[in-house]
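Inspection log for the structure reproduced underneath, given as structure tokens.
Protein chains: 2
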Amino acid sequence: MPRAVAEDLARSLRQRIDSGEWSGRRMPPERELAADYGVARNTVRRAVEMLADTGAITRHVGRGTFVNGGVAPSVAAIVERIEGTSPADMMEIRLLIEPQAAAVAALNASLAELSAVEEAHRAAEAAFDMPGFEACDAELHHRIFACCRNELLKELHNLLTVLRHQTPWQEMKRRSFSEARRLAYCAEHGALVEALKRRDPDAARAAMHAHLKSVEANMLGR
Amino acid sequence: MPRAVAEDLARSLRQRIDSGEWSGRRMPPERELAADYGVARNTVRRAVEMLADTGAITRHVGRGTFVNGGVAPSVAAIVERIEGTSPADMMEIRLLIEPQAAAVAALNASLAELSAVEEAHRAAEAAFDMPGFEACDAELHHRIFACCRNELLKELHNLLTVLRHQTPWQEMKRRSFSEARRLAYCAEHGALVEALKRRDPDAARAAMHAHLKSVEANMLGR
DNA sequence: GCTAATTGGCTCACTAACGGTTCAGAACAA
DNA sequence: TTGTTCTGAACCGTTAGTGAGCCAATTAGC
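Residue numbers (the working numbering), protein chains in the order written: chain A, 1 to 222; chain B, 223 to 444.
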């Protein structure tokens with residue numbers, strides 16, 4: 001009496017999912033479910049497909065079927081996922097956020113903060129090896145973010161910085177680094193610092209955008 | 223047998239590291255761990271690689287694998303600080319990021335994504351109680367971010383959403399909610415959706431900015 | 001100083017397990 | 001009858017894990 005077997009199965013599975021069984025983890029493989037319920041795998045597949053359509057589960061070839069949203073979204077979990085970010089995605093976000101931040105910084109920065117930015121710029125000019133320049137560059141960007149007087153913005157930048165200290169990024173940076181590029185970066189930093197000192201938000205935004213475009217071109221080869 | 227051996231192993235090792243075992247000293251060699259856990263060295267290597275990517279450990283050829291003191295806690299510290307974000311700071315960041323994201327979305331969105339956005343807009347129009355509208359509103363913004371095709375951006379938005387689900391923020395929203403404001407928000411959403419459908423990045427940016435300014439005014443009383 | 005052992009880095013072929021797909025045929029309903 | 005649903009089975013491509021081997025850097029012992 002094959003009447004809506006797949007639908008009953010989908011309902012049963014949905015209940016087990018809602019009850020928290022497998023929550024956030026892997027479900028049993030289709031073949032196992034088929035054996036447990038005493039039905040054909042095709043039937044299991046149709047039931048599982050219904051759940052997948054509603055977004056309750058996600059399937060991966062070769063890996064298994066996973067229950068979505070089992071764990072409450074926490075900041076830590078998001079950060080964990082963020083750790084897999086690709087350099088291209090990261091660069092896009094930097095281009096989206098940092099020019100805006102530079103504009104805000106131009107409007108909000110105190111004199112002391114501006115001279116701190118300038119000091120980091122001078123240090124970057126004086127640094128000749130790659131790790132030294134890298135550190136000064138990071139410090140410069142960090143001090144610009146600090147000018148915005150927004151804790152969340154600073155922390156988001158910290159987060160992105162930590163990500164960029166991970167191995168794939170470091171490797172790309174190391175390969176793309178050269179003395180000519182260091183000098184180009186310093187010139188771009190100089191223009192940015194000047195715009196900040198003039199309190200010119202549009203110029204600061206444009207300078208940061210140009211700088212990041214240059215970084216993107218060097219690192220991703222665009 | 224659960225087929226997440228490497229991940230389980232990484233979790234187990236992470237626990238042993240956090241518990242202070244080996245702290246600052248050398249961990250057992252990979253071959254030894256493989257024998258202890260009864261898995262192949264390749265599997266151990268993948269688990270250890272996950273920990274190395276997070277900066278929890280450092281590996282040296284010929285010397286061994288060492289537990290680091292500070293990097294992992296720094297991410298945890300960032301998370302902790304982010305969780306204490308004030309609504310004002312948060313609003314500022316939304317104003318900084320979301321208009322840009324809307325502009326990118328106008329350029330990148332597929333037809334399917336656009337209709338998903340529009341669908342969320344209609345749902346928000348049809349929702350009459352505060353929690354229902356809230357959910358639709360969040361979904362609308364989330365779908366706009368999804369149009370950008372950038373995983374990191376989506377996760378950053380998730381981060382902001384989680385923060386907005388925290389109690390002080392919820393309380394402010396509840397107090398500031400009214401039917402008139404819901405209608406105003408829907409109108410603003412409508413303008414935004416129209417701009418996206420026209421593929422007009424500047425209009426989308428302006429519409430999102432206006433919308434968030436309106437939210438800011440209602441919530442923070444500015 | 002030289003050598004051997006140890007350790008992480010890397011590659012390869014192989015296996016097992018998983019979801020994706022297709023098909024012929026049986027069982028039932030309209 | 002005709003059409004739908006379920007069965008049973010085969011085969012595919014992907015993924016994770018295994019086991020083995022070799023390399024290069026480092027350390028320890030002679």
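We treat Cβ as the ideally placed atom computed from N, Cα and C, and that holds for glycine. Remember, it's a predicted structure, so these values are computed and weren't measured experimentally.
Test item: CB-CB of residue i and residue j under 9 Å
i: A/Glu-98; j: A/Val-193; result: no
i: B/Ile-239; j: A/Leu-159; result: no
i: A/His-121; j: A/His-60; result: no
i: A/Phe-145; j: A/Ala-103; result: no
i: B/Arg-362; j: B/Ala-348; result: Residue 362 of chain B is actually Leu in this sequence, not Arg. Going by C-beta atoms, B/Leu-362 is not nearer than 9 Å to B/Ala-348.
i: A/Met-90; j: A/Leu-163; result: yes
i: B/Ser-241; j: B/Tyr-259; result: no
i: A/Ile-57; j: A/Asn-68; result: yes
i: B/Ala-426; j: B/Ala-328; result: yes
i: B/Phe-288; j: B/Arg-236; result: no
i: A/His-165; j: B/Gly-277; result: yes
i: B/Glu-438; j: B/Leu-273; result: no
i: A/Gly-64; j: A/Pro-29; result: yes
i: B/Leu-434; j: B/Ala-310; result: no
i: A/Cys-147; j: A/Ser-178; result: no
Partners in chain B for residue i, counting only beta-carbon separations shorter than 9 Å
i: A/Glu-151; result: Arg-303, Ile-304, Gly-306, Thr-307, Ser-308, Asp-311
i: A/Val-104; result: Glu-314, Leu-318
Neighbour flag for residue i against chain B, beta carbons, 9 Å
i: A/Gln-100; result: yes
i: A/His-142; result: no
i: A/Val-71; result: The pLDDT assigned to A/Val-71 is 47, lower than 50, so where the model puts this residue is not dependable; a value taken from the coordinates is nonetheless given after this. No, A/Val-71 lies away from the interface with chain B (no Cβ there is under 9 Å from its Cβ).
i: A/His-211; result: no
i: A/Ala-56; result: no
Cβ of residue i within 9 Å of any chain A Cβ
i: B/Asn-380; result: yes
i: B/Ala-429; result: no
i: B/Pro-224; result: Confidence in B/Pro-224 is poor, its pLDDT being 48 and thus under 50, which makes the residue's placement unreliable; the coordinate value appears in the next sentence. Yes, contact with chain A.
i: B/Met-249; result: no
i: B/Gly-443; result: no
i: B/Ala-425; result: no
Listed by chain order, chain B residues near residue i by CB distance under 8 Å
i: A/Ile-97; result: Leu-318, Ile-319, Gln-322
i: A/Ile-93; result: Asn-372, Leu-374, Leu-375, Leu-378
i: A/Ile-78; result: Glu-377, Asn-380, Leu-381, Val-384
Contacts of residue i in chain A (Cβ-Cβ under 7 Å)
i: B/Thr-265; result: Correct list: empty, because the minimum Cβ distance to chain A is about 15 Å.
Residue ranges of each beta strand (DSSP E) run of no fewer than 3 residues wholly in the region 40-99 of chain A, ordered along the chain? 57-60, 64-67
Looking at C-beta atoms only, is the number of pairs between the region 201-211 of chain A and the region 81-89 of chain A that lie closer than 8 Å three or more? no
Three Cβ pairs or more, each shorter than 8 Å: is that satisfied between the region 250-262 of chain B and the region 131-150 of chain A? no
For the region 7-24 of chain A against the region 36-54 of chain A, do three or more pairs of beta-carbon atoms, one drawn from each stretch, fall closer than 8 Å, so that the two count as touching? yes
Any 3 or more C-beta pairs closer than 8 Å across the region 179-186 of chain A and the region 396-409 of chain B: no
Ranges of the alpha helix (DSSP H) found wholly within the region 161-211 of chain A, counting only runs of at least 4: 167-176, 179-197
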